[in-house]
Amino acid sequence: MAQAILFYAKHLAAWLGLVSTAYVAGRLVLRGFRLELDGAGERAAMALAVGLGALAEALLLLGLAGQLNLAAVAALAAAVHALGLRTWREAVAAARRLWRERRRRTLFVAGLAALAAAPLFLAALYPPTAFDETLYHLPYARAFARAGSLPFLPELRYPVFPQLGELLFTGMLLAAGDVATHLVELTAVLAAAALLWSWGRRAASPAAGWLAAAAFLGHPIAAYLAGTAYVEPGLALFGCAAVFAAGRWRETGASQWIAVAAFLAAAAAGTKYLGLFFVGAIGVEVLVVGLRRRSARGVLVFALVALAALAPTYGRIVYHTGNPLFPFFPDLFGGSPWDADQFLGERGAARLATAARLLWDVVFDRQAVGGLPPYSPVLPLAVPLMVWAAVVLPRTRRWLLYAAAYILLAPTHAHYLFAVVPLLSLALGVAGDHLLRRARAAPFRRLATAAVCLLLFLPGWAYAAYRFGRLGAPPVGGAQREAYLARQLPLYPAVVALDRLAGQGYTAYAVHAENMVYFAAGRLLGDWNGPASFARVLAAPGDAEALRRRLRALDVSYLVVPRGPGFAAGADAGFDRRFILIYSDPQARIYRLAEDGGG
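In our numbering, the protein residues as written are 506 to 1104.
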């Protein structure tokens, strides 16, 4: 029991530390721009979005300077809070005022927030097992933490990438371990929900805000991504907040708002290449509005701030590779062993056809779009409502236009869609509010709104409860963690055995086990691209001696082979002389390479 209490207390403290530091950092930036926001929800959400982006950029600069370590991260957090004493005083005073004047309402809203956040917080406390987080997101963070800098990592699928999300993971990894990295994306999901709540209130009514937030949190995949080290929640928060800020600029004409929009769009692009959509789309919007107003000020401010914020991330990528979109589009920028255009999916007419059915597939044909947990069934069923809203409610057109353009341009994978789900949820909330307001009796309208919010929110909450019931409580100790990972990842016992047999300085080649990279103490090679790609190394799997020579050329000493189709170990009569079996379990075998090919 004491161990469990310490585990939960540690991660709750880490989460509160992250949230408070990001909030104070964001308030400092927004105050520097002399921007005042309306309402506590808007202030909190925008402060968290800007603060997370600012912290990530600061960690990037620390990494470029070779000072990315626990002491520097702690000093950064301490400096933020020291500079933010005024923010703390204001927050305490506001909390006291709310408690005096609106105690019941404050307790009600706090209770609802806790009810919504509790299952997501629990879901974030499981050890990392999601494919991409153990394939490269967490290996990046671990490598950065170990090196104290931002090395080029040739053994990974993407040796260099936009990595603001992974830099936030690095800070949490240094402070509280790998489970704490999930709290970054949990914060992003809840901040996006808070922004939708306040944005819907601004755009239509309080009911629209509740409906939009409930629709967003009601996606099972939102609960899933909030408990992983995927970067899509951060991308969604930065992109959504950038669109919000650009909208405020259109309303007020204040250059500060377009500067904030530029910074947030650049943060989205620094998190994932798909974030460049927000830079380009908002840039086009700013240009069109500037031409209409016959003013170039907004365009200049947006361009200068976006370029300044993008420069460290993309300058580093160009420095290492010469390709600002590495490892994609080699035809434009030159090829490398890591060319990865195959991961971009379909093109041309096939892409359009897939995009047209994407909102259906992410619910009812998930294997076609990556096999991740589903989106809410409300999403495809609400398409006619959103089309109607685009015709009848002009204020929804901008959000839906952004979402539609992104869907047409982005690869058609389920988690990529998440970047514009906040905008779709906002349009759905405003459209739903418009229909509900037709009810003449106010008490009935409030009751109907509450019922619809509950129905919208229920799929995500139910998925989190189902996952908790299926997986059990998060493991809180070393033995529980090991048992959990062995249950969830069939190849985990083999990697643990390899670490035990070979120590930490080994280089091994794993066949179709690229998502086990994070758990290997040594170097684990083998992926679909790179110098050690499956196509290069396994070109002739029936020729044991040729395979041994190719592996030796990569300095490989061990071969990990999962059981099942994909690689026929032992098909060559000379295989056993060149590869000595040292470990076997029902899921995998480990071989040591013979020194001279003769056994």
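We put the beta carbon where it would ideally sit given N, CA and C, even for glycine.
Computed from a predicted structure; not experimentally measured.
In the displayed model, PRO667 falls within coil according to three-state DSSP, outside both helix and strand. Residue state for ALA1015 is assigned as strand, using DSSP reduced to three classes.
Going by DSSP, ARG1097 is part of the beta strand (DSSP E) stretching over 1093-1098.
By the criterion of a C-beta distance shorter than 6 Å, VAL534 is surrounded in its chain by VAL555 and ALA559, once the five residues flanking it on both sides are discounted. Going by beta carbons, GLY1031 and ALA1007 fall outside the 8 Å limit. DSSP, reduced to helix, strand and coil, places VAL981 outside both helices and strands of the structure shown, so it counts as coil.
Going by DSSP, LEU567 is part of the alpha helix (DSSP H) stretching over 544-569. Burial is judged here by how many other beta carbons sit within 10 angstroms of a residue's own beta carbon; LEU884 has at least 16 and is buried. PHE782 and ALA1002 have their C-alpha atoms roughly 44 Å apart. Between TYR968 and ALA728, the CB-CB gap stays under 8 Å. With respect to the C-alpha of LEU569, the residue from ILE822, ASP683 and TRP715 having the closest C-alpha is ILE822.
Residues of the same chain with a CB within less than 7 Å of the CB of ILE763, apart from the 5 flanking positions on each side, are ALA751, TRP754, VAL791, GLY803, VAL806 and PHE807 in chain order.
DSSP places ASP1101 in the coil class of the three-state scheme, outside both helix and strand.
CA-to-CA, the gap between SER800 and GLY820 works out to about 30 Å. Beta-bridge partners assigned by DSSP to TYR907: none are found.
Taking C-beta atoms under 8 Å as the contact rule, CYS745 and LEU716 fail to qualify, at a distance of about 16 Å. Here ASP1032 carries a strand assignment [DSSP, helix/strand/coil]. The distance from the Cβ of LEU573 to that of LEU564 is about 6 Å, consistent with a contact at the 8 Å cut-off. By the Cβ-count criterion, GLN668 is buried, with 16 or more other Cβ atoms from all chains shown falling within 10 Å of its own Cβ. Check the Cα spacing between HIS687 and each of ALA718, LEU643, LEU661 and GLY723: the tightest is with LEU643.
Judged by DSSP in its simplified three-state form, SER1089 adopts strand.
VAL1066: not part of any alpha helix (DSSP H); member of the beta strand (DSSP E) spanning 1063-1067, first to last residue. The three-state secondary structure of SER1038, taken from DSSP, is strand. Contact annotation, GLN761 with LEU1043: C-beta distance approximately 56 Å; criterion of less than 8 Å not satisfied.
Our two residues, LEU672 and ALA584, have alpha carbons roughly 18 Å apart in a direct line. The beta carbons of LEU928 and TRP893 sit no closer together than 8 Å. Under the DSSP definition of a beta bridge, PHE1084 partners with LEU1098.
Counting C-beta pairs with one atom in each stretch, the segment 825-840 and the segment 869-884 have fewer than three that are closer than 8 Å, which means they do not touch.
Counted as a single uninterrupted DSSP element, the alpha helix (DSSP H) harbouring THR592 occupies residues 590-606. For VAL1022, there is no enclosing alpha helix (DSSP H), as DSSP gives it neither H nor E. Secondary structure note for PRO738: its alpha helix (DSSP H) is the uninterrupted segment 737-757. A straight-line Cα-Cα distance of about 23 Å links HIS1017 and GLY1079. Going by beta carbons, ILE1095 and ALA999 fall inside the 8 Å limit. In this structure, ALA970 lies near PRO624, with their beta-carbon atoms less than 8 Å apart. Look at ARG1053 here: in three-state DSSP terms it is helix. Secondary structure of LYS515 (DSSP, three-state): helix.
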